[in-house]
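Mapping of the sequence shown onto our numbering: residues 247 to 780, in sequence order.
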Amino acid sequence: MKQVGISYKQHKLDENYDCIVIGSGIGGLTVAALLSRHGNKKVLVLEKHSVAGGFTHVFHRSNYEWDVGVHYIGRTSDPTMEVRAAFDYLTHGELLWSKMPDVYDRIFIGNQVFDFPTGTESFRQQMCSYFPSETRAIDKYIRAVHSAQKLSSLYFAEKAIPSPIASCIGGLLRYGFLRYAKKTTSQAIAEYTSNPELAAVLTGQWGDYGLPPGQSSFGMHSIVAHHYFEGAGYPIGGASRMAESIASTIEKGGGCIAISAYVEEILVDQNKTAFGVKMKDGREIRAKTIISDAGAINTYHNLLPSGVTQSMPEKKLLGAIPPSFCHIGLYVGLKHLPEIANYGDSNLWIYPDSNHDLNFARSCENIDAPFPFLYISFPSSKDPSFLSRYPGRATIEVITLTSFKHFEKWKNLRWQHRGEEYEAFKNRLSKRLLEELERHVPAIKGNIDYWELSTPLSTKHFANYPTGEIYGLAHTPERFNARWLGARTPIKNLLLTGQDVAACGIAGALFGGVVAASNVLKKDMMAVVARGNH
Ligand SMILES: Cc1cc2nc3c(=O)[nH]c(=O)nc-3n(C[C@H](O)[C@H](O)[C@H](O)COP(=O)(O)OP(=O)(O)OC[C@H]3O[C@@H](n4cnc5c(N)ncnc54)[C@H](O)[C@@H]3O)c2cc1C
247 MKQVGISYKQ HKLDENYDCI VIGSGIGGLT VAALLSRHGN KKVLVLEKHS
297 VAGGFTHVFH RSNYEWDVGV HYIGRTSDPT MEVRAAFDYL THGELLWSKM
347 PDVYDRIFIG NQVFDFPTGT ESFRQQMCSY FPSETRAIDK YIRAVHSAQK
397 LSSLYFAEKA IPSPIASCIG GLLRYGFLRY AKKTTSQAIA EYTSNPELAA
447 VLTGQWGDYG LPPGQSSFGM HSIVAHHYFE GAGYPIGGAS RMAESIASTI
497 EKGGGCIAIS AYVEEILVDQ NKTAFGVKMK DGREIRAKTI ISDAGAINTY
547 HNLLPSGVTQ SMPEKKLLGA IPPSFCHIGL YVGLKHLPEI ANYGDSNLWI
597 YPDSNHDLNF ARSCENIDAP FPFLYISFPS SKDPSFLSRY PGRATIEVIT
647 LTSFKHFEKW KNLRWQHRGE EYEAFKNRLS KRLLEELERH VPAIKGNIDY
697 WELSTPLSTK HFANYPTGEI YGLAHTPERF NARWLGARTP IKNLLLTGQD
747 VAACGIAGAL FGGVVAASNV LKKDMMAVVA RGNH
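Structure follows, in structure tokens:
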């Protein structure tokens, strides 16, 4: 793995840039690459962590490598698909993809198993074979998902076009998508079926957007469901290849990435215009444009001076959208076992029963209640280069969602110094997750070589999300109804990028970067990235 970026301390930084990007997640890297490649701008990306990439970074222990926030990405199998085309453009075609198996997600509800195969028609037929009396409902549901997804591009276009035009035609652009997005997923699905099993299967990927059906926006559900209808892919060489290959585009354009570079404050003058950043060591770096990938909550609450934000309506409105929930993740290293291939490399989503909302509420209330779901991923099997990079080894990740409140009491303690009680709590959770993993993937019994648990405090520490939130702002109907939330901010020359601009997920955060770049360059950058590597 190539190191991306140069340490802030060793970097001979200039005093002035065209643009400073705070944070090197996929949203930050995307806008930096677009401004470099298309806008000819001198860009500096400042990343607080010692590894660039945000949730696309990987980490290593005992000769294993795990990804953090990349398990599968839809619409990557074909260069004509918008996500693949965007990556081809951002990386000059350097990032290569491996296709996931035909069944990319396998949903377990109680004792029943439901496969999500590649292709909308295959998905339709599969669902109809499980629920033969619900054919009409399934058809209506698929049509609604397609329609909501199609309308979402108009909704997001409002955030990309110049604000005077958006003020005139924004209502028209928003209207269609909001008809779907203002409903919760449960409300929308109830219009098509009253069968709770079918509803539970159709929402079996709710962990991908972090809110159970009773709380999530059907707009978000549709974006994610559609994103995977045509299957999914994984970057060859692992998730870190994303930052590596986008960084080379930034560097080719004369830009650079500084790691271990903590931005403490965004500098704003009396005219409410951003003109630079102040680093943790007190140094000031200036730029014509500042773009924050650090999330809306960090930007409004922690990076902008409180004197500037205290009278801002946006800061108050932000309080109406909660942060998303957080995750715990078990990273497992083991001997490479051919038997694991029997699981087909599909992602496994394991639910105790069909009541997603109740199960989640119960475990948010009481951490000892059964896990609301387990998401089991086999990252080493998804990457055809893994075995040559790590001979004889394999990795598995187990993820579930929870509430920050279970971790709150340790939130001010330092990483690796949170004390015995915290370690015991983590051990208890790890044991439960390991037992569950061995129950569902018995072939691994006796072959586990290494495991480690990440908690919401790890997310807070490494990615700077104040409550360890997995997906930035929660994807509720209110979020999509918040017209003010997008790349533009009330501070001149300050923009947002990443998952709070468009939506969570690698593709969502990437398109947040495309929206931000469109605002800076006053050009439809979606049309540019859709061309792919040409
Ligand atoms: C466990 C997990 C699994 C996931 N699985 C998938 C998946 O399979 N498929 C998919 O499409 N999506 C997945 N996602 C979601 C996806 O990873 C995210 O939505 C996306 O990467 C967010 O990108 P971003 O650019 O908005 O932010 P981030 O990747 O969070 O980047 C923000 C960056 O800003 C930096 N930063 C913050 N504050 C400062 C500061 N003051 N100074 C300097 N730097 C700062 C942070 O360190 C971070 O690097 C997953 C996420 C998680 C956590």
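Where a beta carbon is used, it is the ideal one built from N, C-alpha and C, also for glycine.
Taking all protein chains shown into account, Asp-614 has fewer than 16 neighbouring C-beta atoms within 10 Å of its C-beta and is therefore exposed.
The Cβ neighbour count for Glu-611, taken over all protein chains shown within 10 Å, is under 16; the residue is labelled exposed. Across the set Leu-583, Arg-389, Met-772 and Pro-559, the C-alpha of Leu-583 shows the shortest separation from the C-alpha of Lys-691. Burial check for Ser-634: the Cβ neighbour count within 10 Å stays below 16, so the residue is exposed.
Between His-686 and Ile-574, the CB-CB gap reaches or exceeds 9 Å. Distances from the CB of Thr-705 to the heavy atoms of ligand 1 include at least one below 8 Å. The beta carbons of Phe-464 and Lys-429 sit about 5 Å from each other, so the pair counts as a contact at 8 Å. With respect to the 9 Å criterion, Val-391 and Gly-751 are not classified as neighbours on the basis of their beta carbons. Under the three-pair Cβ rule at 8 Å, the segment 328-341 counts as touching the segment 486-501. Setting aside the 5 residues that flank it on each side, Thr-705 is surrounded in the same chain by Cys-572, His-573, Tyr-711, Gly-714, Glu-715 and Ile-716, each with a C-beta closer than 8 Å to its C-beta; the list follows chain order. Within the segment 378-450, the complete alpha helix (DSSP H) runs of at least 4 residues fall at 381-406, 409-427, 431-436 and 442-448. Relative to ligand 1, Lys-294 has its C-beta within less than 8 Å of a heavy atom.
Remark: fewer than three beta-carbon pairs, one from each stretch, lie closer than 8 Å, so the segment 341-353 and the segment 504-520 are not flagged as touching. Residue state for Glu-681 is assigned as helix, using DSSP reduced to three classes.
Around the C-beta of Lys-287, 16 or more other C-beta atoms lie within 10 Å, and the residue is accordingly described as buried. Taking the Cα of Ser-468 as reference, the smallest distance to any Cα among Leu-397, His-602 and Tyr-508 is reached at Leu-397. Residue pairing from DSSP places Asn-593 in a beta bridge opposite Asp-351.
Runs of the beta strand (DSSP E) lying entirely within the segment 519-561, each at least 3 residues long, are 520-525 and 530-538 in chain order. Here Asn-765 carries a helix assignment [DSSP, helix/strand/coil]. About 6 Å separates the beta carbon of Ile-694 from that of Val-578, a gap short enough to meet the 8 Å contact definition. By the neighbour-count criterion, in which a residue is buried when 16 or more other Cβ atoms sit within 10 angstroms of its Cβ, Ile-266 is buried. Between Leu-564 and Ile-543, the alpha-carbon positions lie close to 8 Å from each other. Taking C-alpha positions only, Phe-333 is separated from Ala-755 by approximately 12 Å. When DSSP assignments are scanned along the segment 451-477, the uninterrupted stretches of alpha helix (DSSP H) that are 4 or more residues long and fall wholly within it turn out to be 464-475. C-alpha of Lys-524 to C-alpha of Glu-530: approximately 4 Å in a straight line.
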